[in-house]
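Structure first, then comments.
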Amino acid sequence: MVAGQPEAAKCWPYGSWAMFDEIKVSQVAAFFLNKTQEGRMPHLKLMKLMYLADREAIRTMGLPITWDYPVSMPHGPVLSMTLDLMNGNVRSSPGGWEDWVSAKENHEVSSRTIFEPDRLTKLSRAEISVLESVWQQFREMNQWKIRDWTHDHCSEWQDPHGSSFPISFDSMARCVGFDAGAAAKLAERIEEARGIDQLFASL
């Protein structure tokens, strides 16, 4: 099994798990949780922060941080694999989600680790800078305000009317300012990286 790959990854319905690193995603969650005084927050707010971090990374770096599969759901855009981990729908891998983040309780999750910046070994300085920027922008919003913000400002999200459907990186890139040609190339680059990662993982 690839390090950081959840044990149930091959059962996920969203396509290839290539490039998705559960440990890295868990460190993103821990970063945001440890920004709060109590080390906890509503799971809805955490999900929105993580989605917005990927969105900002696309805008500033041209690549996502989590490499998750974004989807439109009734409460706004979410990261599908991360949502499965958050909801306990899949078993996490050693050193993964369950080592960093508690199970949901009363619609909240909390950090299971004492925050030490040097433990965020999967995150680059540029990625941490993106996380800091997102936190500074949205830290004062509660889960409902940040949800409503994504409804109003993330035009790649479309109301699925009780269902869900994928958000393409092409549409996300266009919505953060890329022209059509650049957005298509960005999406192609992401899929190529996933393809290469999956090829090496299968060897």
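Numbered per my numbering, the sequence shown spans residues 1043 to 1245.
Heads up, the beta-carbon is just placed ideally off N, CA and C, and yes, glycines get one too.
Between the Cα of H1193 and the Cα atoms of Y1093, I1065, S1144 and R1133, which residue gives the shortest distance?
Counting from one through the sequence shown, the residue named residue 1193 turns up at place 151. Nearest C-alpha to H1193: Y1093.
Between which two residues does the alpha helix (DSSP H) holding R1189 run?
Here residue 1189 refers to the residue found at position 147 of the sequence shown. For R1189, the enclosing alpha helix (DSSP H) covers residues Q1185 to H1195.
Three CB pairs or more closer than 8 Å across the segment 1100-1111 and the segment 1122-1129
With the cut-off at 8 Å, the segment 1100-1111 and the segment 1122-1129 touch.
Alpha carbon to alpha carbon, how far is S1206 from M1115?
Looking up residue 1206 in the sequence shown gives position 164. Looking up residue 1115 in the sequence shown gives position 73. Cα to Cα, the separation comes out at about 5 Å.
Please classify F1207: does DSSP put it in a helix, a strand, or coil?
Taking the sequence shown and counting its residues from 1, the one referred to as residue 1207 is at position 165. Three-state result, F1207: strand.
Compute the Euclidean distance between the alpha carbons of W1199 and E1158, then round it to the nearest angstrom.
Here residue 1199 refers to the residue found at position 157 when the sequence shown is read from its first residue. Here residue 1158 refers to the residue found at position 116 when the sequence shown is read from its first residue. Per the coordinates, the alpha-carbon of W1199 lies some 34 Å from the alpha-carbon of E1158.
DSSP on M1061, reduced to helix/strand/coil?
Taking the first residue of the sequence shown as position 1, residue 1061 is located at position 19. M1061 falls in the coil class under three-state DSSP.
Have a look at S1171 and S1134 and give me their C-alpha separation to the nearest angstrom.
Looking up residue 1171 in the sequence shown gives position 129. Looking up residue 1134 in the sequence shown gives position 92. Whole-angstrom Cα-Cα distance: 27 Å.
Please report the straight-line C-alpha distance between E1098 and V1176, rounded to a whole angstrom.
Translated into positions along the sequence shown, residue 1098 becomes position 56. Translated into positions along the sequence shown, residue 1176 becomes position 134. Distance between the alpha carbons of E1098 and V1176 is about 8 Å.
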